[in-house]
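Residue numbers (full-length UniProt numbering): 1 to 843.
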């Protein structure tokens, strides 16, 4: 058939160009057809037309058949094309070519003797630097140990020349007791008087607010230790609501110590969404006021009771809401345990609920209200909440992270009983005998079997048999994911045995598998630590201001050691963002771009410019957010790789509401992403998936989540993708094609509704043009245009036979797309053509 449109008759070739050289390229079409020049943009992943904006760097001559590039540099090192079509890169009328910058390597010749001199000197310098660094670290550790007592130890004394009692004492029958945090150096302190107690408190300008900036409001809570007020705090950008804690007028020296310790602990803990945040402190008329974040819904115990069935005064919390509360508390406690902080008083009354149902763990001393005899028992070291602690705490007064895990089990019971009183039918004194004899509360009325299993694991008699908070957080997160995926019907339809086995496996991991990297290497933490050290678990840190001068002094040595390591042992290992598959990492949106009428590129910043995402090839991530107070989770495969430092790119098709009659609400996650503003954050979680590509045709594939990965080798990848299912296929293609030693062949059938729906087409066509027989693609459309030269309609057996690698032990078929395409178009035709089921993988 006669082709009326011009085609290329003089084709340009790839060229290697030296730095600063001018290069001339010729490209001609028959019938004097016009030629257009385009350059591939790595940032947008598209070819862009070279026009007048590039004048001075590029020049088109002889009716655009000649392209001249002046003063060639790394910016011009790219893939180009010449085409007779300005809008589309038609295969018959387009030629691709590469202009590559020549790599000029200067070789320096050294004699064998000189080389050995360099090696010996380098090794000596490195060893010397290591000795200095180790000595410095030992010095810091020694000074830390020495100075920590000065900066952290509370001294209680009678105001005379001699100490009347042990320095660890925190209460005394003596009157006029002086209490203070005594620093190593004699710096200024603020004096406050509580009854007969004089507290000498160190100043902290960073957290101090003037009393005039505080508008104290109504009393919102009180207990045996003090009062809590709501207040408005004036700041630079307006006032914010805060909670203000004040000791009672006749406070004891122990109360004063606890108040300041709470302040120090909250400073040390830092910021976490599920931990109540410290704002600062102020003083007025001899009283200290601790300022914290305000939680509008009050404590969790009362919040649960207000939302309990059958007719809660503020509406009823459903099962998913209760699980979400349990997960948030586990996340907060995981954060604390990772910092080696022991709470000692975890209970529903000490968890606050902020807006949007966000749970925030509080303590940290003043919330010990209600009837003191019911909640706390006075022991030699202080009061303990007897209904929330394990036997080793009741009998030996030993507090550990594992005692907090026990308390979390009681909190689970409180949550799923809507704030009921634990052990309501038992006297507190009877718990000593009951718990020692193995008694445990039955599961709460509204508790599922899987939550009851977590609760039971928390109440193991052996502390080392209890799960760590990281495992509990993962287990509750899994339950939420299933609820999001399958809805409330999941509770009735799930396979109890299968889910129970998975949770048991997760919760029963050994301490060495689930222990935080910061955790002590000692397995019996509660038996080897002194009691006082356990009770003051938040106080185990050297203040940042003490480390800074020493860090500056040894900076040069550290840099020398790092440089020696880099030059002698190669590149440093990049920090990884996705460290734990079960942990959610909030990443900030920094750029977005329209790829087509309904497709966007979203770029998110990693924690630093040196970070990589840490996603193995073949795996994906999950995005999660809350929409209309409901959790939404969606898997995506990035179009970027770990070679892209400091960023991760997603190409997402936006499914808008009221477009498709079967899906009137559209895609919740894609619409949420589309509405995000630059600077907004969303949670990433991963890596996830049952397939990993290790290079050169080597795969590791799991049959299911419980099965171990099986190593497999293939020479051919036959890929079938539909719509956004192209992203995992291109992830594999990029990894394979960038490795010159990887000879794995790729064939791809890509199905879409219209030509405009084809994602990443420029990149796909570019790969086919550049890599010849190693990468072949074939398109099929539901509604093709008149000029369409590929297939139309569904994927069928003839299309697979003609376009994909043939069946056999050397071929694996990868599928990703809408379930109807996989189930009704792909699998039956693959069966028909003899592709083995064990050599197929569906994302």
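All residues carry an ideal CB built from backbone N, CA and C; glycine is no exception.
Bounding residues of the alpha helix (DSSP H) (the contiguous stretch that carries residue i)
| i | result |
| --- | --- |
| residue 668 | 668-675 |
| residue 406 | 401-415 |
| residue 845 | In this structure the chain extends from 1 to 843, so residue 845 is not present and cannot be described. |
| residue 292 | Residue 292 -> not in any alpha helix (DSSP H); beta strand (DSSP E) instead, spanning 287-293. |
Own chain partners of residue i with C-beta closer than 8 Å, once the 5 adjacent residues on each side are dropped
| i | result |
| --- | --- |
| residue 75 | none |
| residue 647 | 590, 603, 604, 605, 606, 640 |
| residue 545 | Its pLDDT being 39, under 50, residue 545 is placed unreliably in this model, and the coordinates cannot settle the point. |
| residue 567 | Residue placement at residue 567 is flagged as unreliable, the pLDDT there being 41, under the threshold of 50; the coordinate-derived value follows with that caveat. Excluding sequence neighbours, residue 567 sits near 122. |
| residue 15 | 23, 25, 97, 98, 99, 100 |
| residue 575 | 607, 608, 610, 611, 612 |
| residue 323 | 451, 476, 479, 480, 483 |
7 Å Cβ shell around residue i - same chain, five flanking residues per side excluded
| i | result |
| --- | --- |
| residue 5 | 84, 93 |
| residue 833 | 797, 800, 801, 807 |
| residue 686 | 578, 581, 615, 619, 620, 621, 622 |
| residue 430 | none |
| residue 108 | Low local confidence applies: a pLDDT of 47 at residue 108 is under 50, so the model's placement there is unreliable, and no value is given. |
Nearest residue (CA-CA) to residue i, options the options
| i | options | result |
| --- | --- | --- |
| residue 212 | 396, 281, 612 | 281 |
| residue 268 | 637, 336, 396 | 336 |
| residue 665 | 36, 627, 685 | 627 |
| residue 747 | 753, 668, 730 | 730 |
| residue 320 | 389, 446, 231 | 446 |
| residue 441 | 66, 388, 842 | 388 |
| residue 595 | 14, 48, 10, 9 | 48 |
| residue 711 | 701, 718, 705 | 701 |
| residue 450 | 439, 318, 472 | 472 |
| residue 356 | 37, 410, 625, 478 | 625 |
| residue 232 | 251, 761, 117, 292 | 292 |
| residue 27 | 64, 204, 331, 20 | 64 |
| residue 454 | 585, 318, 435, 411 | 411 |
| residue 32 | 41, 62, 672 | 62 |
Residue i and residue j closer than 8 Å at C-beta
| i | j | result |
| --- | --- | --- |
| residue 406 | residue 459 | yes |
| residue 254 | residue 227 | no |
| residue 649 | residue 631 | no |
| residue 304 | residue 348 | yes |
| residue 592 | residue 681 | no |
| residue 699 | residue 810 | no |
| residue 287 | residue 329 | no |
| residue 727 | residue 736 | no |
| residue 404 | residue 342 | yes |
| residue 770 | residue 79 | yes |
| residue 733 | residue 767 | yes |
| residue 290 | residue 262 | yes |
Contact set for residue i: own chain, Cβ-Cβ below 6 Å, skip 5 residues either direction
| i | result |
| --- | --- |
| residue 818 | 722 |
| residue 101 | 74, 77 |
| residue 815 | 720, 822, 826, 842 |
| residue 525 | Unreliable positioning characterises residue 525 in this predicted model, as indicated by a pLDDT of 27, which lies under 50. A coordinate reading is not provided. |
| residue 448 | none |
| residue 705 | none |
| residue 8 | 29, 95 |
| residue 784 | 792 |
Segment limits, beta strand (DSSP E) that includes residue i
| i | result |
| --- | --- |
| residue 602 | 599-605 |
| residue 587 | 585-596 |
| residue 281 | 278-284 |
| residue 67 | 66-69 |
| residue 778 | 775-781 |
| residue 826 | Looking at the DSSP string, residue 826 is not in any beta strand (DSSP E), and its letter there is neither H nor E. |
| residue 786 | Note, residue 786: premise wrong, no beta strand (DSSP E); not H, not E. |
DSSP bridge partner residues for residue i (one or two, in chain order)
| i | result |
| --- | --- |
| residue 40 | 47 |
| residue 266 | BP columns for residue 266 are empty, so no partner. |
| residue 630 | 627 |
| residue 576 | 612 |
| residue 716 | 745, 811 |
| residue 214 | 233 |
| residue 26 | 66 |
| residue 582 | Partner(s): none; residue 582 has no beta bridge. |
| residue 793 | According to DSSP, which records beta bridges pairwise, residue 793 is partnered with nothing at all. |
| residue 683 | 586, 624 |
| residue 59 | 68 |
Any C-beta of chain D under 8 Å from that of residue i
| i | result |
| --- | --- |
| residue 357 | Protein chains in the displayed structure number just one, and chain D is not present. |
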